[in-house]
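Take a look at the structure below.
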Amino acid sequence: MGDGPRYLGIDLGTTNSAAAVFDGHEVTTVRNRDGALLTPSVVHLDRKGRQLVGARAYRRLEKDPDNAHGGFKRLMGTDSTLAFPAADTVRSPVQLSTAILEALRQDVADALGFMPETAVISVPALFELPQTRATAEAAEAAGFTKVELIQEPVASALAAGWRADDEEPGPWLVFDLGGGTFDASLLETRDGLLRVVGHDGDNFLGGRDIDRAIVDWALQQLADDGTPIDRTDPAHAAALRRLLTAAEEAKIELSRRQEAELTVFDLFDGPDGPIDVDLALDRTTLDALAKPLVERSLKVCRALLTAHGLTPPDLRRIVLVGGPTVMPAVRERVAEALGAPLAQGHDPMTLVSRGAALYAANAALDARPTTDAPNPQDVRRLWLQYPTLSSDLFPHVAGRLLDGSGPAPKAVRFAREAWSSEWCELGPDGGLVVMLELEAGAANTFAIEARDAHEAPVAVHPSSITVVQGISLADPPLSRTIGVALASDQVQVYLERGTPLPAKRTFTHHTIQSLPQGSEGALLTIPIVQGELERASHCRLVGRIEIGGEALPHALPSGSAVEVTLEVDRGGRLQAQAMVPALDVMFEQVAHLMAPDASPDRLRGQLTTLLTRLSAVRSTAGRRGDTTTIDRLYDIEWSLQDAALALDAALGGDDDAAQRARRTLIDADATLDGLEQAQSWPQLDQEAMLEIAGTGRWVEELGTQQERQIYSEVATAAQQARQARNGSALQRQLRVLRDLKTAAYFRHPQAWTWAFERAASHAHQCTDVPRAQQLVAEGRSANERGDQDTLKHVVRGLWQLMPAPVQAEAGAFQSGVR
Amino acid sequence: MTVPLEDLASNPFFVLGLTPAASPLELERQGQKLLAMLQVGLEAATSYPTPFGDHPRTAEAVRQALATLRDPARRHEAEVWFDLPAPSPPPRQAPRWTDLRERLGWR
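Residue numbers (the numbering used here), protein chains in the order written: chain Z, 7 to 824; chain B, 163 to 269.
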């Protein structure tokens with residue numbers, strides 16, 4: 007490696023972690039202090055609080071399972087803690103991840119000769135906002151001054167596609183089955199630009215689920231032999247963890263051999279002395295145990311392809327990433343089911359870290375320590391923006407001359423060996439834009455030359471820049487739609503899935519009730535949710551903006567405007583702000599980002615409710631002879647059984663299982679909701695017929711040319727949805743139809759008078775009746791005068807005072823805004 | 163529906179200052195150049211002309227425009243809207259209800 011920039015990428019995995027460095031030419035995976043490329047994501051604390059990380063800690067999982075923990079990545083963003091009884095302490099998942107990152111940072115320092123200051127860290131594509139934020143916190147705690155996050159499948163794709171410009175065009179799939187998460191990404195490389203077409207995945211599917219399936223099998227074998235282990239008994243938790251470690255080792259061994267021993271001595275004390283486990287596991291049994299999990303991952307892949315209008319034969323190739331993809335049965339099944347060749351020559355265990363290092367170059371994150379060398383007095387500084395990694399052979403550099411005391415340059419040019427740009431005269435604002443010419447597949451260093459009005463050389467800082475030519479990454483897309491839950495249990499979408507990151511959006515909401523000043527306990531809650539589902543309560547709550555009465559300079563009346571801004575950076579980190587114009591107060595960083603409570607008791611209650619609903623849907627479907635619905639109910643029932651098993655494990659102290667159960671219940675709830683909607687199809691269909699006709703009339707008479715064109719498309723789509731009996735698609739089209747009708751309706755000269763009369767008739771139900779009565783009086787007077795502007799103002803004021811439906815409010819995470 | 167009802171000015175071709183004749187490479191190059199210019203605050207990049215007047219250009223709008231035009235189906239849609247004339251003002255009259263019954267499916 008030369009003296010140029012160094013770009014560090016880290017794969018912070020559930021089971022193993024790895025670091026790689028890119029120097030502009032090659033990517034090198036960094037070996038740890040044990041000489042290995044992979045560092046187990048395990049931490050051990052002894053009774054004196056001394057910490058072991060990596061392979062040394064992993065070895066303690068067998069001997070001292072109470073004081074060694076792995077797999078904590080799956081708990082990131084939750085308020086769970088892991089106990090280390092010997093040291094009489096607990097650690098959060100963030101603290102344990104920090105320990106892993108500190109160890110990797112030191113390994114990189116040993117390899118490079120300096121302590122890296124910046125890094126790119128990979129996270130699963132479907133990590134929710136709390137998990138993403140927790141990862142960034144761990145990196146900062148490990149001493150990194152600047153960190154960017156990259157989605158794991160994007161990193162894999164970048165590493166696999168790096169300088170693969172001779173590839174045939176067409177989509178390809180990254181199948182990333184990690185220790186704890188599964189990501190499927192559909193990608194396309196065109197003109198050297200890597201684009202993520204779409205992705206999907208399962209945050210709770212990974213190699214550890216195969217380990218669990220092996221443990222379940224082992225428990226069954228032990229029970230058959232008269233040694234039952236109760237997984238709901240916390241006293242058996244340590245024994246189960248040891249069994250899990252043994253299962254993982256047996257699984258890895260079976261990738262090379264046909265049979266492996268699953269041996270744990272002195273697992274726990276039985277009535278007749280210590281119990282030993284000694285079972286033989288063969289590859290056929292393992293493949294059978296893993297099969298349902300592999301099929302789940304394939305289902306995700308097929309759904310992803312369908313969502314983008316593709317079928318498996320359209321795929322050019324598949325890149326396999328993650329430890330479980332080393333299993334022969336997984337490789338064979340994926341290739342067979344998706345019908346595309348597997349990409350060869352990539353190490354599935356280190357591909358993510360290598361891609362993260364390449365992305366660090368893309369994000370211009372040089373890991374070298376920043377030098378504080380003072381800028382010489384007679385050197386003028388240039389502020390330059392350019393791609394450090396470019397697929398284009400002719401990228402632009404834009405810049406501006408900063409204030410300073412040295413001689414000001416009049417013109418600037420960029421030169422490398424055998425090429426030089428024209429002299430670029432600085433604009434009146436000191437600006438410059440220059441097109442560079444790159445040598446393909448190389449790190450191109452350009453000297454920056456400057457001259458004054460008399461063409462005499464002038465020194466500028468920086469004096470050179472480096473641009474690497476190779477595959478580069480289009481803006482990463484947002485993996486899940488983000489919005490605010492409203493009191494009506496609807497979602498105000500801020501950023502839709504697929505929005506290029508970074509992105510930022512602001513919407514104005516209105517409070518649904520008054521918030522008294524200074525009262526503790528009075529709280530305005532603005533829930534932030536992630537997901538694509540119709541009802542807010544079906545989406546995942548990922549944070550809350552909470553404004554307490556004690557923070558207010560004076561009372562906030564019902565119907566007050568609150569401007570909420572949500573901003574997501576390239577790595578998926580969220581910033582939230584709430585501005586209350588009436589108070590002239592900005593509430594910043596008020597999002598409490600924690601994965602929701604997953605107490606087994608609460609989840610058990612949800613499970614019972616879902617089973618009751620499932621029974622009702624089945625009963626209706628049975629009466630109607632609806633076999634399609636009955637078939638789908640079997641799937642839901644299966645997942646509810648899975649959730650019940652996970653809840654048993656949660657009672658035994660397995661927090662990870664509790665989170666898994668939470669997710670399964672939310673998914674089952676949404677699917678059941680869809681089926682319930684389908685059963686109410688006749689009413690929806692009737693409503694749609696009336697809406698299509700009614701909207702057509704309004705748009706035809708009062709719509710713009712564009713609105714009429716859109717109506718024609720939407721009405722056709724709505725008719726198709728009616729024919730296909732697709733409830734959710736029809737609901738979507740109905741929303742657009744209502745918007746079109748509203749737009750046309752309000753062009754009618756009498757529209758605001760009608761709207762006023764309607765709103766006035768509900769004034770007695772408003773949240774602030776005296777204010778509503780005042781508005782009604784103003785409205786009557788304005789109507790008589792024909793004052794349309796005042797009338798509009800009055801109607802909007804009355805709308806804001808209307809109560810939200812009480813039932814919906816309870817389901818929308820106690821949202822205090824509409 | 164990616165084109166907002168009354169906001170044809172946000173057509174991604176207008177945002178990037180190019181026409182539907184631009185190749186994917188030209189779009190990417192222009193997008194990268196505009197993002198760099200906006201980052202350092204060059205005046206020339208902060209607005210773009212449209213048939214409906216000048217509009218402010220932001221980095222978010224440039225990124226969104228690039229993302230839209232990278233998708234062949236959405237690019238085609240943007241090309242169609244690019245060529246449409248400006249909307250005419252709406253008529254100011256009440257709707258006629260003569261054939262409502264037929265439209266509702268009653269005969």
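A virtual CB, placed ideally from N, CA and C, is assigned to each residue, including glycine. If you're wondering where the values come from, they're calculated on a predicted model, not measured in any experiment.
Could you work out which residue in B/Glu241, B/Glu190, B/Asp245, B/Phe176 is closest to B/Ser209 when comparing CA atoms only? B/Phe176
Residues from the segment 176–193 of chain B in contact with chain Z, defined by Cβ distance under 8 Å: Pro186, Leu187, Glu190, Arg191
Give a yes or no on whether 8 Å exceeds the smallest Cβ distance from B/Ala229 to chain Z. Output row for B/Ala229: interface = yes.
Any chain B beta carbon closer than 8 Å to Z/Val439: So, interface residue.
With 16 other Cβ atoms within 10 Å as the buried cut-off, status of Z/Gly76: With 16 or more Cβ atoms within 10 Å of its Cβ, Z/Gly76 is classed as buried.
Span of the alpha helix (DSSP H), counted from its first residue to its last, around Z/Ser718: 711–729
The beta strand (DSSP E) spanning Z/Ile258 covers which residue range? That residue, Z/Ile258, is in no beta strand (DSSP E); its alpha helix (DSSP H) goes 243–259.
Are any of the Cβ atoms in chain Z nearer than 8 Å to that of B/Gly203? Interface criterion met: the Cβ of B/Gly203 is under 8 Å from a Cβ in chain Z.
At which residues does the beta strand (DSSP E) containing Z/Ile216 begin and terminate? Looking at the DSSP string, Z/Ile216 is not in any beta strand (DSSP E); the run it does join, the alpha helix (DSSP H), is 213–230.
Give me the chain Z residues within the contact set of B/Arg219, using Cβ-Cβ distance strictly less than 9 Å, ordered along the chain. Near B/Arg219 there are no residues of chain Z at all, since even the closest Cβ is about 14 Å away, more than 9 Å.
At what residues does the beta strand (DSSP E) containing Z/Pro280 begin and finish? Taken as a continuous stretch (DSSP letters only), the beta strand (DSSP E) holding Z/Pro280 covers 279–288.
Thinking Z/Ala363 and Z/Pro122 are a contact (beta carbons under 8 Å), I'd like their distance in whole angstroms, please. With 8 Å as the limit, Z/Ala363 and Z/Pro122 do not qualify as a contact, their Cβ atoms being about 11 Å apart.
Whole angstroms are fine: how far does the CA of Z/His515 sit from the CA of Z/Gly537? Taking the straight line joining both Cα atoms gives about 20 Å.
Output, in chain order, the set of chain Z residues within a Cβ distance shorter than 7 Å of B/Glu239. Ordered by position in chain Z, no residue passes the 7 Å Cβ test against B/Glu239, which lies about 11 Å from the chain.
Can you find a C-beta in chain Z that's less than 8 Å from the C-beta of B/Arg232? yes
Rounded Cβ spacing between Z/Ala757 and Z/Glu713 (contact assumed at less than 8 Å): Not really, about 15 Å apart at Cβ, beyond 8 Å.
Have a look at Z/Ile534, Z/Gly658, Z/Ile698 and flag the residue whose alpha-carbon is nearest the alpha-carbon of Z/Lys747. Z/Ile698
First and last residue of the uninterrupted alpha helix (DSSP H) at Z/Val340: 334–344
Have a look at B/Arg269 and Z/Leu696 and give me their C-alpha separation to the nearest angstrom. Since pLDDT at B/Arg269 reaches only 48, below the 50 mark, its modelled position is unreliable, and no value is offered.
Expressed to the nearest angstrom, what Euclidean distance is found between the alpha-carbon atoms of Z/Leu18 and Z/Pro130? About 10 Å.
In chain B, which residues lie less than 7 Å from Z/Gly405 when you measure between Cβ atoms? Val202
Since Z/Lys510 sits in a beta bridge, which residues does DSSP pair it with? Z/Glu573
Simplified DSSP state of Z/Cys307, which is helix, strand or coil: DSSP, reduced to helix, strand and coil, places Z/Cys307 within a helical segment of the structure shown.
Contact residues within the segment 92–121 of chain Z, judged by C-beta distance below 9 Å to chain C: Note that chain C does not occur in the displayed structure, where the protein chains are Z and B.
For the segment 389–400 of chain Z, which residues have a CB atom closer than 9 Å to at least one CB atom of chain B, in sequence order? Trp389, Leu390, Gln391, Tyr392, Pro393, Ser396, Ser397, Asp398, Phe400
If the cut is a Cβ gap below 8 Å, which residues of chain B does Z/Arg196 touch? Pro186
Z/Tyr751: buried (16+ other C-beta within 10 angstroms of its C-beta) or exposed? buried
Give the residues from the segment 470–486 of chain Z that approach chain B closer than 7 Å (Cβ to any Cβ), ordered along the chain. If the cut-off is 7 Å between Cβ atoms, the segment 470–486 of chain Z has Ala480, Asp481 near chain B.
By the criterion of Cβ-Cβ separation under 9 Å, what are the contact partners of Z/Asp825 in chain B? Nothing in the structure corresponds to residue 825 of chain Z, since chain Z is present only between 7 and 824.
Does the contact criterion of 3 or more C-beta pairs under 8 Å hold for the segment 673–686 of chain Z versus the segment 250–268 of chain Z? no
Check the C-beta distance from Z/Ala252 over to Z/Leu268 and give it rounded, since I have them as a contact under 8 Å. With 8 Å as the limit, Z/Ala252 and Z/Leu268 qualify as a contact, their Cβ atoms being about 5 Å apart.
Please return the same chain residues whose Cβ sits closer than 8 Å to the Cβ of Z/Arg579, not counting the five positions on each side in sequence. Leu135, Thr138, Arg139, Ala142, Leu155
Are the segment 567–584 of chain Z and the segment 480–487 of chain Z touching by the rule of at least three beta carbon pairs closer than 8 Å? yes
Using a 10 Å radius around the Cβ and a threshold of 16 neighbouring Cβ atoms, would you call Z/Trp704 buried or exposed? buried
Among the residues of its own chain, which have a CB less than 7 Å from the CB of Z/Gln794, if the five just before and after it don't count? Trp758
Can you list, in chain order, the residues of its chain whose CB lies under 7 Å from that of Z/Trp389, leaving out five sequence neighbours each side? Counting only Cβ-Cβ distances below 7 Å, and skipping sequence neighbours, we find Gly405, Arg406, Leu408.
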